[in-house]
Amino acid sequence: GAVVSQHPSWVICKSGTSVKIECRSLDFQATTMFWYRQFPKQSLMLMATSNEGSKATYEQGVEKDKFLINHASLTLSTLTVTSAHPEDSSFYICSASSGKTRKRGYTFGSGTRLTVV
Amino acid sequence: ILNVEQSPQSLHVQEGDSTNFTCSFPSSNFYALHWYRWETAKSPEALFVMTLNGDEKKKGRISATLNTKEGYSYLYIKGSQPEDSATYLCAFTGDGSSNTGKLIFGQGTTLQVKP
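Same order as they appear, the protein sequences are chains A and B.
Residue numbers are given in this note's numbering: position 48 of the first sequence equals residue 238, and the series is strictly consecutive.
Residue numbers are given in this note's numbering: position 47 of the second sequence equals residue 48, and the series is strictly consecutive.
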């Protein structure tokens with residue numbers, strides 16, 4: 191079945207540094223990837239939609255200069271949290287469509303736990 | 002603001018018990034309703050994608066129903082097993098988002114099945 195590999199699973203970084211999270215579709219081409227964030231006891235919230243070869247579309251309230259998304263190929267999308275601060279500590283997860291979303295749903299990565307100290 | 006609510010938030014049952022939980026979503030501008038099963042430290046796994054009012058879908062001991070007119074979906078697990086322990090998420094797509102594929106998630110129902 192379709193697999194999305196997300197790395198790293200967890201990361202601790204110092205305040206002011208940048209962190210890059212990668213999502214790779216292993217056995218299918220993902221024209222669209224979605225990036226979500228989840229704070230404790232809250233639901234997954236969509237941050238942005240990333241289309242291969244074009245600029246990402248950000249949800250209201252998500253700073254595009256802080257959360258840089260690159261989707262340069264059909265199998266790789268990256269999210270870079272720039273100048274991270276403790277309030278950016280959260281769980282980040284990506285998902286992708288393998289083309290038959292109405293039947294199969296989306297394929298998710300396993301998520302990245304970011305802690306900014 | 003589109004809201005998706007799941008209840009209960011958590012559930013503890015004994016092995017062999019049958020259980021069900023609810024997802025409520027906006028009844029207007031419906032496009033699709035997704036159910037995902039999310040085990041700790043793993044990726045959410047798609048269970049069902051439901052699009053038609055009255056839809057009933059089944060996968061082994063798990064089944065789901067859909068009522069788009071009143072805006073709810075039920076997920077049923079028959080004869081729960083310890084391996085069913087997970088968080089079950091539902092997610093709604095409105096017809097305004099049918100091209101973008103944007104999902105609005107509920108908070109999930111966490112199920113613990115005791116042996």
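Just so it is clear, CB atoms sit at the ideal spot from N, CA and C, and this is done for glycine as well.
Given the structure is predicted, the values throughout are model-derived calculations rather than measurements.
Query                                                                                                                                                                    : Result
Whose C-alpha, out of A:L304, A:V306, A:V307 and A:S199, is nearest the C-alpha of T41 (chain B)?                                                                        : A:S199
Would you list the residues sitting across from Y248 (chain A) in a DSSP beta bridge?                                                                                    : A:A238
I believe H261 (chain A) touches S285 (chain A) by the beta-carbon criterion, under 8 angstroms. Please report the beta-carbon distance rounded to the nearest angstrom. : At roughly 13 angstroms, the Cβ-Cβ gap does not stay under 8 angstroms, so H261 (chain A) and S285 (chain A) are not in contact.
From the beta carbon of P234 (chain A), is the nearest beta carbon of chain B less than 9 angstroms away?                                                                : As written in the sequence, residue 234 (chain A) is Leu, which differs from the Pro given in the question. Chain B contact via Cβ: present.
How long is the line joining the alpha carbons of I259 (chain A) and C91 (chain B), rounded to whole angstroms?                                                          : 26 angstroms
Can you confirm whether K245 (chain A), when its beta carbon is compared against all beta carbons of chain B, has any partner nearer than 9 angstroms?                   : no
Roughly how many angstroms separate the alpha carbons of L53 (chain B) and G102 (chain B), rounded to a whole number?                                                    : 17 angstroms
Around the Cβ of T207 (chain A), are there at least 16 other Cβ atoms within 10 angstroms (buried) or fewer (exposed)?                                                   : exposed
Could you tell me whether any Cβ in chain B is nearer than 9 angstroms to the Cβ of Q219 (chain A)?                                                                      : no
Have a look at S44 (chain B) and Y248 (chain A) and give me their C-alpha separation to the nearest angstrom.                                                            : 23 angstroms
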